[in-house]
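Notes for the one structure printed next.
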Amino acid sequence: MPLGLNKVIGWTAGIGAVLVILSGASLAALAARPLVPDPPGIASGVSEDRAAALRHFLTQDCGSCHGLTLGGGLGPPLRRELMVDKPVPYLAYTIMNGLHGTAMPPWSAFLTPEEGEWLARELKGMNP
Amino acid sequence: MTQGMKTGLNPGSSSAPGAGCRKGWGYLAAALALAGNLVFAAPGPRGTGDLGIVVERGAGSLRLIETSGNTTLARIEGLGDLSHASAVFSRDSRYAFVFGRDGGLSKVDLLEGQVVRRVVQAGNAIGGAISQNGRLVAVSNYEPGGVKVFDAETLDLVADIPAIYQEGKPASKVVGLVDAPGNRFVFSLWDGGEIWVADMTDPAKPGITRHRGVGRQPYDALVTPDGHFYIAGLFGEDGMALLDLWHPEKGVRRILPGYGRGEEPLPVYKMPHLEGWAVAGRRVFVPAIGRHEVLVIDQDTWAEVGRIPVAGQPVFVMARPDGRQIWVNFALPDNERVQVIDAETLAVIHELKPGKAVLHMEFEPRGEEVWISVRDEDRVDVYDTQTFARVASIPADKPSGIFLTDRAHRIGL
Chain A
0 MPLGLNKVIG
10 WTAGIGAVLV
20 ILSGASLAAL
30 AARPLVPDPP
40 GIASGVSEDR
50 AAALRHFLTQ
60 DCGSCHGLTL
70 GGGLGPPLRR
80 ELMVDKPVPY
90 LAYTIMNGLH
100 GTAMPPWSAF
110 LTPEEGEWLA
120 RELKGMNP
Chain B
0 MTQGMKTGLN
10 PGSSSAPGAG
20 CRKGWGYLAA
30 ALALAGNLVF
40 AAPGPRGTGD
50 LGIVVERGAG
60 SLRLIETSGN
70 TTLARIEGLG
80 DLSHASAVFS
90 RDSRYAFVFG
100 RDGGLSKVDL
110 LEGQVVRRVV
120 QAGNAIGGAI
130 SQNGRLVAVS
140 NYEPGGVKVF
150 DAETLDLVAD
160 IPAIYQEGKP
170 ASKVVGLVDA
180 PGNRFVFSLW
190 DGGEIWVADM
200 TDPAKPGITR
210 HRGVGRQPYD
220 ALVTPDGHFY
230 IAGLFGEDGM
240 ALLDLWHPEK
250 GVRRILPGYG
260 RGEEPLPVYK
270 MPHLEGWAVA
280 GRRVFVPAIG
290 RHEVLVIDQD
300 TWAEVGRIPV
310 AGQPVFVMAR
320 PDGRQIWVNF
330 ALPDNERVQV
340 IDAETLAVIH
350 ELKPGKAVLH
360 MEFEPRGEEV
370 WISVRDEDRV
380 DVYDTQTFAR
390 VASIPADKPS
400 GIFLTDRAHR
410 IGL
């Protein structure tokens, strides 16, 4: 996992170095973006109301085990920087199906597949 | 008489005797809160026996409440991440020790309505206990896993007990920390599957007794009101681990083995809590894991003597102080409901729907009323346990745990 993080940081730094020749404004715009860019062409399929409900769910219900600020509890921390090397499909699968042998339950009774993916993207800071 | 004092839903709407007095309190507290001054000045000396706190988990604040008129006296802020926060009280019931998720340990003066000391003692914590003599406060930590013990007066670190159960492995997360007679702390190791007893006779050098192999993933524990038995619930397998604290040399015994054998357990959306001791006569009531059932145990034989079908997966199973009723709340998706079981007939005799996300229930010391936190409705409601009527409702920001000062004088709380 630290290796993956280093890779991404290295990758980002590399891009940054290339972009030094670009204008300061472009550089600032890049810095404001998440480390991992959005995969193109995935529509979220989640309404704004539902997004608010999902954020509440993430804070309060996921937060029961992972901490209100996602800093961890009985479940591991889910802070954004720890999610960098976790692919969206892996996170979405875990949310929907749980992790056997751990206290992580499957949440598919409460979420559509799109919502599971939305939450996975939320953990990575990829939602608008 | 109590009825007369408590009929108003809030101070403003009530004309019951004493309403003027309550109004005064409310206005005073509000004015002081607005002024940014957390101190609420009681008019003359005041006892703390009817005080308590409500955790506002999202805001990192507490509501100081009183149960004689069912009102809020003050709001106390700046306690950090209070998801899954709990509290114990000093032996004089003046101070609350609040254990925050972020490892914060805060000492709150209920009479002054403010935090008087605070330490961030770990990265991630789950709860704590106060010693029999009231001099030590222990905190159970997830990260780094173990128990830290503090001087109750100063919050200076007295002892550090890392929960190392196997060489080369990280320390275990610690759950189910309680106080026990003999100035002992007892706790369970989630990752290690062990129960440890720490004798605090010499506070700086705790005498640790390890009980290994008690079962997979103990998730919480409780101690009987007489301090005689410690029971840990197991998440990783069906059953519970029982330790006789009068005879710890006899070791840990498994009870309710395989209570769900052959059945596929449901996903557990919220870890149940074992808190207090739901006991009526010789019967003990505990939540079943992954089942819509409350289990009934005979305290003489420790055998299962019944299962009560309930509305969902139980989270808290709490006995009214007189033992006549058992109140149960539930995990998602049934967490808007509360059911009441008659301890004699084992039948569900009443169901309440307080609102979305009922998180905790706390009985007043003699059981005539119960406080219920309703997180998603931003309310704490008070119910009459005889009539089941709602007698008060107090706004609170995403309330979770409710803790009344009578806990100061109860073993294991």
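Heads up: the protein sequence lines correspond to chains A and B, in order. Here numbering that gives the first Met the number 0 is used: position 103 in the first sequence is 102, and no number is missing along the way. Here numbering that gives the first Met the number 0 is used: position 19 in the second sequence is 18, and no number is missing along the way. Just so you know, even glycine gets a beta-carbon here, dropped at the ideal spot from N, CA and C.
- Separation of THR66/B and TYR268/B (C-alpha to C-alpha, rounded to the nearest whole angstrom) is 32 Å.
- Looking at the DSSP output, TRP326/B bridges to MET317/B and VAL339/B.
- ASP219/B places its beta carbon 8 Å or farther from that of LEU154/B.
- Taken atom to atom, the span from the alpha-carbon of LEU118/A to that of LEU67/A is near 15 Å.
- When DSSP states are grouped into helix, strand and coil, ASN126/A belongs to the coil group.
- Against chain A, the beta carbon of VAL107/B has no neighbour under 8 Å; the closest one sits roughly 20 Å away.
- Among the residues of the stretch 229-243 of chain B, those with a Cβ less than 9 Å away from any Cβ of chain A are PHE234 and GLY235, in the order of the chain.
- Sequence-distant Cβ neighbours of GLU361/B in its own chain, meaning closer than 6 Å and more than five residues away, are TRP370, ILE401 and LEU403.
- In this structure PRO398/B is not in contact with VAL157/B, their Cβ atoms being roughly 32 Å apart against a cut-off of 8 Å.
- By the Cβ test, the stretch 163-170 of chain B is not in contact with the stretch 131-138 of chain B, since fewer than three Cβ pairs between them sit closer than 8 Å.
- Contact check for GLU116/A and VAL87/A: beta-carbon distance about 6 Å, within the 8 Å limit, so the pair qualifies.
- The beta carbon of TYR141/B lies closer than 7 Å to those of ASN123, ALA124, ILE125 and LYS172 in the same chain, with the five residues before and after it left out.
- In the structure shown, the three-state DSSP call for ASP49/B is coil.
- Each of ALA388/B, ASP150/B, ALA86/B and ASN334/B was checked against the Cα of SER60/B, and the nearest Cα belongs to ALA86/B.
- In this structure, the straight-line span from the alpha carbon of GLU350/B to that of PHE315/B is close to 15 Å.
- Contact of ALA102/A with chain B is assigned, a C-beta pair being separated by under 8 Å.
- Straight-line spacing of the CA atoms in TYR92/A and LEU265/B works out to 19 Å.
- Bounds of the beta strand (DSSP E) holding TYR218/B are 217-222.
- Under the DSSP assignment, PHE56/A falls in the alpha helix (DSSP H) whose first and last residues are 47-56.
- Bounds of the alpha helix (DSSP H) holding MET82/A are 79-82.
- Between VAL327/B and ILE340/B, the gap from beta carbon to beta carbon is short of 8 Å.
- Under a criterion of Cβ atoms nearer than 7 Å, no residue of chain B is adjacent to PRO127/A; the nearest Cβ is some 23 Å distant.
- Among the bridge pairs identified by DSSP, PHE184/B is matched with ASP178/B and ALA197/B.
- Residues of the stretch 80-93 of chain B with a C-beta less than 7 Å from any C-beta of chain A: ASP80, SER82 and HIS83, listed in chain order.
- A distance below 8 Å separates the beta carbons of GLU303/B and VAL295/B.
- In this structure, the CA atom of ARG54/A is about 45 Å from the CA atom of GLY280/B.
- Going by DSSP, VAL87/A is part of the alpha helix (DSSP H) stretching over 87-96.
- Looking from the CA of PHE56/A, the closest CA among PRO364/B, GLU343/B, LEU331/B and ARG406/B belongs to LEU331/B.
- With the rule of 3 Cβ pairs closer than 8 Å, the stretch 94-106 of chain B counts as touching the stretch 64-79 of chain B.
- Judged by their CB atoms, ARG215/B and GLU193/B are not nearer to each other than the 8 Å cut-off.
- Counting every other CB atom within 10 Å of its CB across the protein chains shown gives PRO308/B a total below 16, marking it as exposed.
- Residue contact check for THR111/A against chain B: no CB pair falls below 8 Å.
- The C-beta of GLU361/B comes no closer than 8 Å to any C-beta of chain A.
- Annotated three-state conformation of LYS249/B is helix, per DSSP.
- Neighbours of TYR268/B in chain A, taken as residues whose beta carbon is under 9 Å from its own, are ASP60, SER63, PRO104, TRP106, ALA108 and PHE109 in chain order.
- Of the residues PHE284/B, VAL379/B and GLY311/B, the one whose Cα lies closest to the Cα of GLY322/B is PHE284/B.
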